[in-house]
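Notes for the one structure printed next.
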Amino acid sequence: MILKLLRIEKLVSVVSLFALGLLSFANSANAQGFLSLEQDPRQMALDVFAGVNRGSPPETVALKLSQLINAYRFRCTRLTDYQIFKARPNMVDIKAKCSGDSLYGVTVASNGYVAIYGGNGMVAQLDRRDGLIVSFAADGRLESDSRVTAGEAFDETVERLELGDDYNLLYVLGLFSTLLAVVTAITVIWLRMWRTRKGKKRRHRGIKPMAKHAVSATSNVKNQLLEESIQISKKLYKHPSGVYIARGKYGKRRFFRSRMWAAAYTSLGWRMFEVSAPEPLAYPESVAAEEM
């Protein structure tokens, strides 16, 4: 009987020593920075990342977010709102709003990476144009989100136009006028090219608008035409016959029916819809001398 009691006492002492050893190991592990799986920030980040990508209930994601923020020694008494600011295949950026504090920025990745910043006003305010905003009541339950219907989106757009929020009515009208002017200019140019092509003889219908045109006028004739013309600008003249004479970059003189194409030649060098030289009102003296 005495031997049995001694054996039981030895067994109890061994078990107690083993328990003390486990307790001392756990304390030393915590002292050296080893945390349990539930307290590991990397595991918390993975939980948040998985919750966002798997469509977990917003309450669960909010709880994990608040725990993660607190694990990094930031204050988050109660998480009131959060927004998925940007979601990428392996990383998610979240804006989190805690009661009484400025916005926090939380970045979590699929490999356990986590970064928390903000709380001092450096993170911009929540804007539902950046993503869905989820809000929670005081008891932690889901209160609302920022989803809008088609009618609400239309009303909000009208209000922004009227109040001048980012877009105003003058900006929209100016943009519409610019687009209308571009379309009108392209249409007018196409119609003029089409009419010119239809008005030519059948054998000349293959001529392109920018093809070089044979002016067949000597320098003396051109000089005479310039003398008979009225100067409109520095390099642009108009002959009484209605033909415009344009002087190019290198001094060459070309003839056009349209003032627009004549101005395009003087400024840009474009030879479009060029015509032959008109008949001068009087022959130049040099030409008359040659005929004598």
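So the sequence shown is numbered by my numbering: it starts at 808 and just counts up by one.
Beta carbons are placed, not taken as given, at the ideal position from N, Cα and C, and that holds for glycine.
Keep in mind the model is a prediction, meaning the values are calculated, not measured.
Gln890 and Ile940 do touch by the CB rule: their CB atoms are close to 5 Å apart, below 8 Å.
DSSP places Leu872 within a helical segment (H, G or I) once states are collapsed to three.
Following the DSSP letters along the chain, one finds Lys1029 in no beta strand (DSSP E) but inside the alpha helix (DSSP H) bounded by residues 1026-1035. Short of 7 Å from the beta carbon of His1046, and not among the five residues preceding or following it, lie these beta carbons of its own chain, in chain order: Leu1032, Glu1035, Ser1036, Ile1052, Pro1085.
Comparing C-alpha distances from Ala894 to each of Val855, Ile876, Arg885 shows the shortest one belongs to Val855.
Counting the other Cβ atoms within 10 Å of the Cβ of Trp1068 gives 16 or more, which makes it buried.
The C-alpha of Asp888 is placed about 12 Å away from the C-alpha of Gly907.
Within the model, the alpha-carbon separation for Leu872 versus Val979 is close to 41 Å. Here Thr994 is not near Ser1040, since their CB atoms are 9 Å or more apart. Sorting Phe892, Gly947, Glu1081 by C-alpha distance to the C-alpha of Val1050 places Glu1081 at the top.
Linking Arg948 to Asp934 through their CA atoms gives a straight-line distance of about 21 Å. Take Thr884, set aside five residues on each side of it, and the residues of its chain with a beta-carbon closer than 7 Å to its own are Cys905, Ser906, Gly907, in chain order.
As computed with DSSP, Gly925 is found in a beta bridge with Tyr911.
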